[in-house]
Every structure is written in structure tokens, then in C-alpha cells.
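Worksheet: the structure to be examined is printed underneath.
In the numbering used here, the protein residues as written are 101 to 466.
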């Protein structure tokens with residue numbers, strides 16, 4: 101039997117060629133990817149950070165955000181060595197409802213700051229998807245002018261489901277940026293809500309951006325965020341919106357009188373501005389200058405920094421305990437077993453939790 105029946109003599113009018121030999125499945129020109137470079141020593145990273153090298157700083161921030169145990173240990177060593185060189189900056193938290201113009205405002209605020217000299221680091225927190233756990237990290241694209249400035253460092257980070265949309269590692273990133281010589285730190289949050297306490301606990305000045313005519317002036321749910329704000333600014337006060345913005349300004353000022361005095365003794369101010377047309381930017385920054393002069397004179401600045409350091413110590417302890425608890429294999433097995441019993445209505449949620457916790461605490465004593 102021939103290779104192709106069609107080539108048999110009885111089919112003289114037909115002819116089938118053997119065809120072209122197939123190339124190998126693996127590309128012969130494909131070369132193996134080079135192995136990743138080994139992790140640098142902590143001293144090497146610290147040296148680059150103190151020199152203000154952006155590449156080294158970015159790599160150190162990536163280590164801080166990593167969940168790998170070896171990266172965590174190295175990052176903590178770097179942070180400890182950078183700590184004596186930190187603390188010499190103005191930490192400003194910026195929050196507001198989605199669409200309030202936070203990124204646009206940061207763009208113009210940052211340029212205003214950089215005109216007076218110094219360096220600026222912007223830590224933009226991008227919301228993570230609850231379904232895919234991914235983030236777009238596109239805030240940098242909306243800071244067109246600032247992203248091109250040599251004195252600015254913009255680092256978008258995923259919120260990763262943490263409280264108030266604040267990346268868990270933002271606090272450590274602030275330390276690294278300050279050690280690199282950035283004397284102005286902006287922390288942009290996802291949006292407003294009472295869970296924004298996490299942002300308030302890592303910045304010196306908390307700026308709330310609002311819009312006119314949205315109903316937020318009388319919305320009681322915003323009381324928590326307004327009590328934390330050191331300054332309220334109403335954006336998009338331009339054109340036909342100047343009147344509504346000034347009306348909202350008066351309403352916010354009246355609302356602030358109903359709140360108890362702040363711990364710092366500072367009376368929060370309410371200003372109008374336009375981020376898009378860059379109107380009133382200098383006045384907003386003058387307000388921030390007055391605040392820092394006020395709190396440094398009465399000693400509240402250092403007191404607040406100490407309170408924040410203590411708060412983050414306990415927050416870190418809480419995070420590590422949760423990590424250790426849920427990372428225990430036996431605890432994980434007990435959780436699955438008791439979860440099934442709870443869902444089958446055969447055990448109460450409290451009894452199931454008590455059993456798992458009893459095992460965990462007993463294992464610590466052993």
C-alpha cells in the first residue's frame with residue numbers, strides 16, 4: 101500500500117505531493133529567560149534610598165507590598181534602617197467622593213508645592229476588585245503634569261481590601277519616601293466613609309474635597325469624616341458653579357460649628373477652588389501652612405505623630421495575629437468543619453468560634 105492511495109497507478113490523473121516538513125514545536129530561536137537577580141542586601145537598598153535613587157526606592161516599596169516571607173523580612177530590615185532618616189515631611193491625606201477631582205487637585209497642588217522647591221511623593225490608593233482582586237492603578241495617568249516632573253514620585257498601590265481603601269503598607273512606604281528626601285507626602289484615598297480612620301492615622305493634615313449641590317452638606321452619614329477633616333475644600337468653583345459652591349461653603353461652615361472642638365485646637369476652614377482652572381490653589385495651600393504653624397507652636401504636631409506610631413504598633417500586632425491564626429493548618433481544618441456544622445444549623449456560630457479559638461489558644465500554651 102502506497103503512502104497516498106491517490107498516487108496509485110489506477111489514479112494516474114491524481115497526484116498528491118508529500119508536503120512541507122513540519123517545523124519543531126519548540127521555537128529553535130527561543131532562549132531561556134534569564135534567572136531573576138538575587139535580592140539585594142538591605143544595606144544596598146538603604147544606600148540607594150538615601151541617595152534619592154527612584155529605581156531603588158520603587159524596588160523597596162515593591163518589597164514592602166510583597167506577601168512573600170523573605171521579602172517581608174528584608175523590607176522590615178530596610179524600614180528599620182531608614183527610620184532615623186524619616187519624619188521630616190508634611191504628610192497630607194486627601195479624600196473625597198468619587199468624581200470630586202482628587203487626582204486633578206493633587207496634580208495642581210503638587211505643582212504648586214514643587215514651585216517652592218523640595219520633592220513630593222504621591223501615594224495613590226487604587227480600589228481593588230472584590231471579584232478579581234485586581235486594580236487598574238491608573239491614577240498616575242490623571243496626573244499628567246505632575247507625573248512628568250523630576251521632583252515628583254507617584255506610586256499607585258492596590259487597596260487589597262484593607263480598611264478604608266488604604267493599602268496596608270502605605271505607612272511603611274511613607275518612611276521610605278521620607279528617607280529618600282521627599283519632604284511632602286500626599287496620600288490619596290479611594291473615597292469617603294467612616295472607615296477612613298486609617299488614613300487619618302498616618303497623616304498630619306486631613307483634607308476633604310467636596311462638591312456643591314450633591315446633598316453632602318446635610319448628610320449625617322458624613323459626620324464621621326467631617327469631624328476628622330482639618331480642612332474642607334469645595335472643588336469646581338468656576339463658571340456658573342461659583343454661586344452654588346459659595347452656598348455650600350456657608351453650609352459647611354455652619355455644620356462645623358455643631359461639632360466639638362478638635363484635639364489640636366485648630367478650627368477647620370472651608371474654602372472654594374477650581375482644580376481644573378487652577379483657581380484658589382494658593383489660598384488652599386496657605387491654609388495648610390497656617391495649620392502646620394499652629395500645631396507646631398502648641399506642640400500637637402509631635403503629640404499626634406507619637407499617637408500614630410502607637411496606633412500602628414497595635415494595628416500591626418492585630419494584623420500579624422490574624423495572619424498567624426488563619427495561617428495555622430489545623431485551625432483551617434477546624435474552621436471548615438465548624439463552618440459546615442453552622443451552615444447545616446447543627447451548631448451555633450458562637451460555639452463553633454469558641455471551639456476553634458480554644459484549640460488555637462491551647463496550642464500556644466503547648
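The C-beta atom is built at its ideal place from N, Cα and C for all residues, glycine as well.
No experiment lies behind these values; they were computed from the predicted model shown.
TODO: State the start and end residues of the unbroken beta strand (DSSP E) segment that holds residue 310.
DONE: Per DSSP, residue 310 belongs to the beta strand (DSSP E) from 305 to 310.
- [ ] Specify, as a first and last residue, the run of the beta strand (DSSP E) that residue 195 falls within.
- [x] Bounds of the beta strand (DSSP E) holding residue 195 are 190 to 196.
Task: Euclidean distance between Cα positions of residue 374 and residue 433 - done: Cα atoms of residue 374 and residue 433: separation of roughly 56 Å, rounded to the nearest angstrom.
- [ ] Kindly list the residues whose CB is nearer than 6 Å to the CB of residue 191, restricted to its own chain and excluding five residues on each side of it in sequence; keep chain order.
- [x] So the list reads 285, 303 and 304, once near-sequence residues are dropped.
Task: Environment of residue 280 [buried if 16+ CB atoms lie within 10 Å] - done: By the 16-neighbour rule on beta-carbons within 10 angstroms, residue 280 is buried.
Open item on the list: Tell me the DSSP secondary structure of residue 180 in three-state form.
Closed with: Looking at residue 180 - three-state DSSP - the assignment turns out to be helix.
Open item on the list: Threshold first: 3 residues or longer. Then list the beta strand (DSSP E) segments lying entirely within the segment 323 to 364, N to C.
Closed with: For the segment 323 to 364, the full-length beta strand (DSSP E) segments reaching 3 residues or more read 331 to 334 along the chain.
Task: Assigned secondary structure, residue 139 (DSSP; H/G/I helix, E/B strand, else coil) - done: Reduced to three states, the DSSP call for residue 139 is coil.
- [ ] Note the first and the last residue of the continuous beta strand (DSSP E) segment covering residue 371.
- [x] Unbroken beta strand (DSSP E) run through residue 371: 369 to 372.
Task: 6 Å Cβ shell around residue 326 - same chain, five flanking residues per side excluded - done: Excluding positions up to five away in sequence, the list is empty.
Task: Residue range of the alpha helix (DSSP H) that includes residue 213 - done: Counting along the chain, the alpha helix (DSSP H) containing residue 213 begins and ends at 202 to 215.
Task: Simplified DSSP assignment, three categories, for residue 390 - done: Assignment of residue 390 by DSSP, reduced to helix, strand and coil, places it in the helix class.
TODO: Rounded to whole angstroms, what's the CA-CA distance from residue 220 to residue 278? Just pull it up for me.
DONE: Distance between the alpha carbons of residue 220 and residue 278 is about 10 Å.
Task: Same chain, Cβ closer than 7 Å to residue 171, neighbours up to 5 away in sequence not counted - done: Taken in chain order, the residues that qualify are 163.
- [ ] Per DSSP, which residues does residue 256 bridge with? Please list them.
- [x] For residue 256, DSSP records a beta bridge to 224.
- [ ] Can you give me the start and stop residues for the beta strand (DSSP E) that residue 438 sits inside?
- [x] Note, residue 438: premise wrong, no beta strand (DSSP E); alpha helix (DSSP H) at 429 to 443.
- [ ] Indicate the three-state DSSP secondary structure (helix, strand or coil) for residue 126 in the structure shown.
- [x] Reduced to three states, the DSSP call for residue 126 is coil.
Open item on the list: Assuming the contact rule is C-beta atoms closer than 8 Å, residue 467 and residue 142 should be a hit. Round their C-beta distance to whole Å, please.
Closed with: Within the shown structure, residues of the chain are numbered from 101 to 466, placing residue 467 beyond reach of any answer.
Open item on the list: Using a 10 Å radius around the Cβ and a threshold of 16 neighbouring Cβ atoms, would you call residue 328 buried or exposed?
Closed with: By the neighbour-count rule (16 or more Cβ atoms within 10 Å), residue 328 is buried.
Task: Bridge partner(s) assigned by DSSP for residue 287 - done: Partner(s): 193 and 223.
Task: Where residue 167 falls: helix, strand or coil (DSSP) - done: Here residue 167 sits in coil by DSSP.
TODO: Output yes or no for whether 8 Å exceeds the beta carbon distance between residue 412 and residue 394.
DONE: In terms of Cβ geometry, residue 412 and residue 394 do not form a close pair [threshold 8 Å].
Task: Short Cβ contact (8 Å threshold) for residue 193 with residue 306 - done: Taking a C-beta distance under 8 Å as the contact criterion, residue 193 and residue 306 qualify as a contact pair.
Task: Bridge partners - residue 379, DSSP secondary structure assignment - done: Within the DSSP bridge table, the entry for residue 379 names 374 as partners.
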